[in-house]
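Chains A and B, in that order, are what the protein sequence lines are.
Those letters in the first sequence? Residues 1 to 573, by UniProt numbering.
Those letters in the second sequence? Residues 1 to 573, by UniProt numbering.
Beneath this line is the structure, given in structure tokens, with notes to follow.
There are 2 protein chains.
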Amino acid sequence: MATPPYQPPVADYTFLFGEAFGLDLVARASDGELTAMDATEIVAGAGEFAASVLAPLEAVGDREGARLEDGQVRLPTGFADAYRAFVDAGWITAEAPVSAGGDGLPGAVRAGLGEIWNGSNAAFALCWLLTAGQIHALDATASDDLRETYLTKLVSGEWTGTMNLTEPAAGTDLGAIRTMATPRDDGSWAIRGQKIFITWGDHDVAENIVHLVLARTPGAPDGARGLSLFVAPKVLVNPDGSLGERNAITTVAVEHKLGIHGSPTCVLAYEDATGYLVGDLHGGLAGMFVMMNSARAGMGFQATGISDRAYQQAATYAAERVQGPVQGRPAGAPVAEHPDVRRLLLSMSSKIFAMRALGVYAADLLDRADAGGDAALAEFFVPILKGWTTEDAQQVTSDAIQVHGGMGFIEETGVAQHYRDARITTIYEGTTAIQSNDLVGRKVLRNGGATVDALLAQIDETLAQLRGVDHPVAARTADRLDRAVATTRRATADLLAFASSPRDAYAVSVPYLMLLGTLAGGWMHALAVVAVLRHETLDEGDAARLTSADFYGSHHLPRVHALADTVAGGEIA
Amino acid sequence: MATPPYQPPVADYTFLFGEAFGLDLVARASDGELTAMDATEIVAGAGEFAASVLAPLEAVGDREGARLEDGQVRLPTGFADAYRAFVDAGWITAEAPVSAGGDGLPGAVRAGLGEIWNGSNAAFALCWLLTAGQIHALDATASDDLRETYLTKLVSGEWTGTMNLTEPAAGTDLGAIRTMATPRDDGSWAIRGQKIFITWGDHDVAENIVHLVLARTPGAPDGARGLSLFVAPKVLVNPDGSLGERNAITTVAVEHKLGIHGSPTCVLAYEDATGYLVGDLHGGLAGMFVMMNSARAGMGFQATGISDRAYQQAATYAAERVQGPVQGRPAGAPVAEHPDVRRLLLSMSSKIFAMRALGVYAADLLDRADAGGDAALAEFFVPILKGWTTEDAQQVTSDAIQVHGGMGFIEETGVAQHYRDARITTIYEGTTAIQSNDLVGRKVLRNGGATVDALLAQIDETLAQLRGVDHPVAARTADRLDRAVATTRRATADLLAFASSPRDAYAVSVPYLMLLGTLAGGWMHALAVVAVLRHETLDEGDAARLTSADFYGSHHLPRVHALADTVAGGEIA
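Encoded structure:
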């Protein structure tokens, strides 16, 4: 037994691009340059590539892991070839905006691609995720010189990118960063310090690596306001663009981790390494936040991708595993027909659809914000997408093990890898608590819940649409969502009442984030019900969407009420 | 960094034995032969042994794992010495009933011991758990000959025991067992077949292993009613009790698992191995169920133990990890003071207390049933204890990783081991679905909810006691528990309404089990509140118990309402 072939979720993306949100999302985002059908083709192409090239390396990556040999990190067998194929197929360029020489695909389409890279091989996908994040950050903040020297090489895929924030004494608390950058006469900076947890911090799949490094400068203010951002390449670049000497950056260690073994997590020592200032002095957080926002949304796609891969494996096993003959019955049914196995599979798939739909919705919101739309709503969904999908991915990947029974606990089965891989997602790119504090502090309390109100008003519109349809699933979905919205209003009022006692608010910020994520998931399903019931006749796929929505409403949405009780309590002294 | 020293939870057991249930539970169970104070000493002694001998081998066991070498399983460094010390200290004999030559300790005390063995080293504890289960099974069913030859050696700890049920085509479905036992002229049986997932199926820490094997006999009825139980030793026993030749049982493989690496999970091939019938022909399930019930309760103690070990490590880390200096503040606070870290720690510890208390309560119920008490209630709690504690252990051990941030994902930190180890607990000894179907089918639907009513009536008594105390935590606890009881009555009525549509009942049996477990946990906390508020003055430990109860009521108990919504929906078509 081993992980079955990867099946890209193309049908869901067709539905999400073209009709779930009541319009052709892709056409709107691209001003008509692309349609949902075009986007489906792109996603299907990515899916084929992922299934044939990336997915077969998932177990290899887990088994071999990344290794440090004589100061150089070696990636698992096949990763270098896969990376070259990935670049040659244009999948890095596909991520880049037009301004950086990329394809400028709408965010919704990139959400689909992000899920597919992660679903087929999450450890590999981290290279894409960080390079893509750095492309967006440099595109937003870098000087023309830096753009020409570094950004072009990232967009072409010749070089890869990393994000260097964390230090042994500065994790969540960026203000504690001690890495020091000292100006040199030639305009470059000498960077000295140690960075830890650097994903894809060293490897052998591309000829150079561009590190984006947060560091303090002499005389800078204390805390996060004194941080500046630097580009520091693994190999120095000559004035003519050719590669020169190795920079003074040493890979001290590669971590031995619970999961994503194929992704090298490095400890990097900067020993007066050469770096170049990106953006304004002391303005390092601004650029880093562009990268971090991109990475946080990317985590949503990773959570969805890993969850779906785990689900696919569980569904395949449940369909193939036939129960032995029981008491006279000559042959049993596949375990997928057992009521509890069916429950587990529907629990997983209904969560995954909600996660996937929210990823598309949030990515599209960010596009709309860039085009002058509601930036507050777009920013509001970043922590929800990151926090909620990654937390739910823990349960989904755990359920996938459970469906396998004892076989799920055997490593060779392959399903445990998804569970181990998924565990990091609630931690890196800001823990769930960080997401929740961002949400509650900056995006709810600060504007008195105005953004929540805007969201709930939108959900009310969907409710009105649902009420206009005569179908039992529409009626049940509306009843449940209505109740959940009312509870969310109450919970938000309870949270706002804690404005003057921040400990109370932050003691329930994670439950509040999970409440909003769970509600948003219910809304995504409600939108799907509305879209499906516009069809004149319902086919098998439509029926499955209705069942999924009904299941979500019965099994997952009620959690909103429990979480609201928790939010109301504030901190328990 | 590594897992900190194990701290046995002696204070909780003192409280549970002596006052939480409003009486000296140990004195009642032992007819006054022992008191809660005596039991505390026993548990404290076990704790010392576990902390000094077993806990230091936990990480070693994970790292080295069990290995198959030339047909013989080798356990990790130190396991053999630890096992001898364990036996010499009398901890196997402590588990055995008086009728089998053991100490005959009350179940409540054995619950405490079980948690401690598992908390200090779950992989090692499985040897204890299976040997103990077999002792109880043979004590209940074996002939005098078998008792003398095998049971005495198990009770002395010279030999260890295993449980052989599962086959490649017979997991949950015992009726599909194909292993065949054919009678020989000398009264023994020739056993032929393959058994998988045999915990501690082979090892090098004791001179012999007693396998308890479910097999079919020629001409036996189909299905589970045709199964008989056999004892088959690894090494044959001569008439004088000395060890003879190896039996025809081969260890084909040792599994490579997600967790509990130190526990050898074996594939055993029986090639006309010699076995002896235990109990009645075709009555194999009866004896196996004695062992399985013991093992299922043991799983509750394992879930509690692993959870507590993970909690201890998280609490230690959070107390020691100091945030770097932030914006002018010269030094930060330990992360334990951050609102969300405090939430995670209280979430864990309040669950663990509930799990621990329910373990003691359920074990005592089984004692009382043996002494002529309410057997239905005792049997009712076995699946709840097993199912609910093991499911919650997944979240608790996940939270322990989360408290560590990025360090939690690094294997050397040691906390990921608890997460990996815990994952098996919802699967073996009957998955959560099996527990839930047992609960719903045999213990709720079959008697029209009478046992649930009996339980709720008891909770109502606790509510009356809570209402009689003037304290805000008592008032809040009563309000919440009252609401949860009402919801449980409604959910039970909804479930009973599915009596004629079993698929509906079994499609929500896991949510219903989790509802009852969560409610029972709230009841345990309510009993603790009543007991604590009997004290004239409240010390720090008392205050912590009230906070824990209050937290559980605010963060965990509300889940009852969400689960009730799910139960009401039945199967989603």
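Built from N, CA and C at the ideal position, the CB exists for glycine as well.
Three-state secondary structure assigned by DSSP to residue i
| i | result |
| --- | --- |
| Gln435 of chain A | helix |
| Asp70 of chain A | coil |
| Asp272 of chain B | strand |
| Glu207 of chain A | coil |
| Ala520 of chain B | helix |
| Asn164 of chain A | strand |
| Thr462 of chain B | helix |
| Pro339 of chain B | helix |
| Gly449 of chain B | coil |
| Pro325 of chain A | At Pro325 of chain A, the pLDDT of 42 sits below 50, so the modelled position is not reliable; the number obtained from the coordinates is stated separately. Reduced to three states, the DSSP call for Pro325 of chain A is coil. |
| Ser307 of chain A | helix |
| Pro8 of chain B | coil |
| Ala125 of chain A | helix |
| Thr141 of chain B | helix |
| Ala333 of chain A | coil |
8 Å Cβ cutoff met for residue i and residue j
| i | j | result |
| --- | --- | --- |
| Ala303 of chain B | Ala422 of chain B | yes |
| Ile135 of chain A | Glu95 of chain A | yes |
| Ala408 of chain A | Gly171 of chain B | Sequence inspection shows Gly at residue 408 of chain A; the Ala mentioned does not correspond to that position. Going by C-beta atoms, Gly408 of chain A is not nearer than 8 Å to Gly171 of chain B. |
| Leu227 of chain B | Ile191 of chain B | no |
| Leu57 of chain B | Asn121 of chain B | yes |
| Pro218 of chain A | Thr182 of chain A | yes |
| Ala59 of chain A | Gln417 of chain A | yes |
Min CB distance residue i to chain A below 8 Å
| i | result |
| --- | --- |
| residue 584 of chain B | The question about residue 584 of chain B has no answer here: the residues shown for chain B are numbered 1 through 573. |
| Tyr506 of chain B | yes |
| Asp340 of chain B | yes |
| Ser554 of chain B | yes |
| Arg343 of chain B | yes |
| Arg423 of chain B | yes |
Boundaries of the alpha helix (DSSP H) in which residue i is found, first to last residue
| i | result |
| --- | --- |
| Ile401 of chain A | Ala375 to Val403 |
| Lys257 of chain A | No alpha helix (DSSP H) holds Lys257 of chain A; DSSP gives it neither H nor E. |
| Trp189 of chain B | Looking at the DSSP string, Trp189 of chain B is not in any alpha helix (DSSP H); the run it does join, the beta strand (DSSP E), is Trp189 to Thr199. |
| Asn118 of chain A | Gly107 to Ser120 |
| Ile410 of chain A | Where Ile410 of chain A is concerned, there is no enclosing alpha helix (DSSP H), given that its DSSP letter is neither H nor E. |
Straight-line Cα distance separating residue j from residue i
| i | j | result |
| --- | --- | --- |
| Asp340 of chain A | Gly201 of chain A | 43 Å |
| Gly161 of chain A | Tyr512 of chain B | 49 Å |
| Gly262 of chain A | Phe124 of chain A | 7 Å |
| Leu515 of chain A | Ser349 of chain A | 19 Å |
| Pro106 of chain B | Gly114 of chain B | 12 Å |
| Leu130 of chain B | Ser347 of chain B | 31 Å |
| Asn437 of chain A | Ser509 of chain A | 6 Å |
| Thr3 of chain A | Ala315 of chain A | 11 Å |
| Val155 of chain A | Asp240 of chain A | 19 Å |
| Phe79 of chain B | Trp128 of chain B | 13 Å |
| Ala369 of chain B | Ala142 of chain B | 21 Å |
| Glu429 of chain A | Ala295 of chain A | 7 Å |
| Gln402 of chain A | Arg534 of chain A | 36 Å |
| Phe230 of chain B | Ala375 of chain B | 27 Å |
Residue-chain proximity (residue i, chain B), Cβ-Cβ < 8 Å
| i | result |
| --- | --- |
| Val510 of chain A | yes |
| Lys257 of chain A | yes |
| Ser501 of chain A | no |
| Pro558 of chain A | yes |
| Phe409 of chain A | yes |
| Phe15 of chain A | no |
Boundaries (first-last residue) of the beta strand (DSSP E) holding residue i
| i | result |
| --- | --- |
| Thr182 of chain B | Met180 to Pro183 |
| Glu245 of chain B | Leu243 to Arg246 |
| Pro97 of chain A | Per DSSP, Pro97 of chain A belongs to no beta strand (DSSP E) and is neither H nor E. |
| Lys234 of chain A | No beta strand (DSSP E) contains Lys234 of chain A, which DSSP labels as neither H nor E. |
| Lys443 of chain A | Careful: Lys443 of chain A lies outside any beta strand (DSSP E) and carries neither H nor E. |
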